[in-house]
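Quick mapping for you: the protein sequence lines, in order, are chains A and B.
Residue 148 in this note's numbering sits at position 35 of the first sequence, and the numbers go up by one each step.
Residue 490 in this note's numbering sits at position 48 of the second sequence, and the numbers go up by one each step.
Don't be surprised by glycine CBs; every beta carbon is placed ideally from N, CA and C.
These notes are about the structure you will find just below.
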Amino acid sequence: MLIFYLEKLPQVILPTRKARIFVSMEKQVILNSRHFELTIKRLCYQLIEQHHDFSDTVLIGLQPRGIHVLVRIKAELERILGKEILCGNLDITFYRDDFRRREKAIIPSVTNIDFVIENKQVVLVDDVLFTGRTIRAGLDALLAFGRPKKVELLTLVDRRFNRDLPIQANYIGKSVDTLSKERVSVEWKEIEGEDKVVLFTPDTNE
Amino acid sequence: MNNLSVNHLTGIRDLTREDIELIFKTADSFKEVINRPIKKVPSLRDITIANLFFENSTRTRLSFELAEKRLSADVVNFSASSSSVKKGETLIDTVNNILSMKVDMVVMRHPNPGAAKFLSERVNARVVNAGDGTHEHPTQALLDAFSIREKLGSVEGKKVVIVGDILHSRVALSNIYCLQKLGAEVMVCGPTTLIPKYIHELGVLVEHNLRKALEWCDVANMLRIQLERQDIKFFPSLREYSMQFGLTKEILDSLSKKIIVMHPGPINRGVEITSDVADSDQSIILDQVENGVAVRMAVIYLLASKIGR
């Protein structure tokens, strides 16, 4: 099965191939800045289809990298709808299932959810959906703020076939087929200087 | 820096500045957690913590217990007054018996200086010092510095005076170490008999005039007179002490700037601090108590993350 997906890989990934940055890593841009913007716009219209005027919906970004997606989605939604969208950031460090199983403790980020999510429709926002363990922790963390009516998941990149838990996203920016040893990184204009999604593949020839 | 450099918290003296800043950063997150509708996180659900109090305490003990419970740890409590210590059992035996029941961490208060360090070298558990005699009380110093940082933005470059019974105070020693590591200037103030000899060796200023000390400082930390530790008379009477070193509203209002007033508790109203000062808007005594839970959660969380599976 794996070989089959690998053969399909070139169709999924955009053709831009960049020079090697790391000695043993191959780097491919799978979403460039133009497509990046289109993807964000599409996700927003998909959200509006489901949530209409967002009167009963809140967006919650998962720390640390999900909040960058949230900032873009929020700005675009507010531009389209002309109203303020209720948003919050959620840190899931204390809810992780790998506490004491890692070498180093994870430094928590800031949580600011200054509203009650009781009976609200919640859309969790993250950058990359991989094993699903972060989302599991996020669902757990969310309960501390009340019982939501419904929870959905929006992710910019879905690394399908790498899931450890039965978790799927409702809104997907881009699906990619990857191996566990590969790494997907979302880069931002504000931080790295350019909007893009990059796939790093360890070089098997070495 | 994602890990503490120490395996036990026996004193501030062993910590680095990076350790303290890591604890503060983690405590920031826990402070947000304890202000949620559900004030609990599941991080430590497979950890058991024993609170061993060989000396009386209300605030520290409650604060530790709440911190542990809000991290979902299992908690067992022990106090010397109702235990086999009275029957002649040694400290090591008592603790090893408790550890046989699969306890991962020990929070201990003990009347003997160095008890926590002694224990940490001999038992197979993480040890948190909750006060060892007149030596150190590290979590109190951490929460004091955390409260200053919260109120003034940072500790670096601030001037802090510790007033009162410095000689018998573990809070004073831990505070001196902690504040100095964070870059603050520290002064101690009190009657000559209650200031330890050679304390200037620690790099602190010494002042015997309360008004001068208060004019110098940004923060005044008022300590209690520990009559239970004073075997001889160190000053003629509490009334005389309070006239010279008690913080009153008149002195506070006559200062050229607004200083912050702290107190580690328990307060003896009318002795080291008057009621109107303790309840004034310059006092952050109750903020200290709130921050205590968050700081202790951070300490326990960071130490627990180093326990192997």
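Check: Kindly list the residues whose CB is nearer than 7 Å to the CB of Glu-307 of chain A, restricted to its own chain and excluding five residues on each side of it in sequence; keep chain order.; Outcome: Ser-146, Glu-300
Check: For Glu-627 of chain B and Glu-598 of chain B, I'd like the C-alpha separation in whole angstroms.; Outcome: 8 Å
Check: Are the C-beta atoms of Glu-531 of chain B and some chain A residue less than 8 Å apart?; Outcome: no
Check: So, is the C-beta of Asn-651 of chain B closer than 8 Å to a C-beta in chain A?; Outcome: no
Check: On the CB-based measure, 16 or more other CB atoms within 10 Å of its CB, does Asp-227 of chain A come out buried or exposed?; Outcome: exposed
Check: My output table needs one value for Cys-157 of chain A: the three-state DSSP class, helix, strand or coil.; Outcome: helix
Check: Measure the beta-carbon distance from Val-270 of chain A to Val-241 of chain A and round it to whole angstroms, keeping in mind my assumption that it falls under 8 Å.; Outcome: 5 Å
Check: Count the C-beta pairs between the stretch 566 to 578 of chain B and the stretch 548 to 558 of chain B that are closer than 8 Å, then say yes if the count reaches three, no if not.; Outcome: yes
Check: In chain C, which residues lie with their C-beta within 9 Å of the C-beta of Asp-204 of chain A?; Outcome: Checking the listed chains, one finds no chain C in this structure; the protein chains it contains are A and B.
Check: Kindly list, in the order they appear in chain A, the residues whose Cβ is closer than 9 Å to that of Ile-749 of chain B.; Outcome: Arg-213
Check: Using a C-beta to C-beta distance shorter than 9 Å, which residues of chain A count as neighbours of Ser-447 of chain B?; Outcome: Chain A residues near Ser-447 of chain B: none, gap ~12 Å exceeds 9 Å.
Check: Mind pulling the beta strand (DSSP E) runs of 3 or more residues that sit fully within the stretch 561 to 612 of chain B?; Outcome: 568 to 574, 601 to 605
Check: In or out: Ser-168 of chain A buried (at least 16 other Cβ within 10 Å) or exposed?; Outcome: exposed
Check: My assumption, with CB atoms under 8 Å, is that Glu-657 of chain B sits in contact with Leu-697 of chain B. Please give the rounded CB distance.; Outcome: 6 Å
Check: Skipping 5 residues on each side, what residues in its chain have a beta carbon closer than 8 Å to that of Ile-134 of chain A?; Outcome: Caution applies to Ile-134 of chain A, whose pLDDT of 44 falls short of 50 and renders its modelled position unreliable; the model cannot decide the point.
Check: How about Val-570 of chain B and Val-545 of chain B: do their beta carbons lie closer than 8 Å?; Outcome: no
Check: When we look at the beta-carbon of Lys-302 of chain A and count the other beta-carbons within 10 Å, is it buried (16 or more) or exposed?; Outcome: exposed
Check: I think Thr-206 of chain A touches Pro-221 of chain A, with their Cβ atoms under 8 Å apart; what is that distance to the nearest whole Å?; Outcome: 4 Å
Check: Consider the Cβ of Lys-217 of chain A: report whether some Cβ of chain B lies at a distance smaller than 8 Å.; Outcome: yes
Check: Between Ser-596 of chain B and chain A, is there a C-beta pair that is closer than 8 Å?; Outcome: no
Check: If you run the structure through DSSP and keep just helix, strand and coil, what is Phe-258 of chain A?; Outcome: helix
Check: Label His-164 of chain A either buried or exposed according to how many other C-beta atoms from any shown protein chain fall within 10 Å of its C-beta, with 16 as the threshold for buried.; Outcome: buried
Check: For Arg-487 of chain B, which of B:Ala-515, B:Leu-457, B:Asn-519, B:Arg-612 has the nearest alpha-carbon?; Outcome: B:Ala-515
Check: With 8 Å set as the bound, which would you pick, yes or no: does the beta-carbon of Thr-490 of chain B sit closer than that to a beta-carbon of chain A?; Outcome: no
Check: Starting from Tyr-208 of chain A, find everything on chain B with Cβ-Cβ shorter than 9 Å and list it in chain order.; Outcome: Val-483, Pro-484, Ser-485
Check: Less than 8 Å between the beta carbons of Met-704 of chain B and Ala-655 of chain B, yes or no?; Outcome: no
Check: Let me make sure I understand the geometry here. Which of A:Glu-216, A:Glu-265, A:Val-264, A:Leu-267 has the alpha-carbon closest to that of Ile-748 of chain B?; Outcome: The identity of residue 748 of chain B in the sequence shown is Lys, whereas the question assumes Ile. Nearest option by C-alpha distance: A:Glu-216.
Check: Going along chain B in order, which residues have a C-beta closer than 8 Å to the C-beta of Ile-220 of chain A?; Outcome: Asn-444, Leu-464, Lys-467, Thr-468
Check: I'd like to know whether the C-beta atoms of Leu-183 of chain A and Val-229 of chain A end up nearer to each other than 8 Å.; Outcome: no
Check: Determine which residues share a DSSP beta bridge with Cys-631 of chain B and list them.; Outcome: B:Val-605, B:Glu-649
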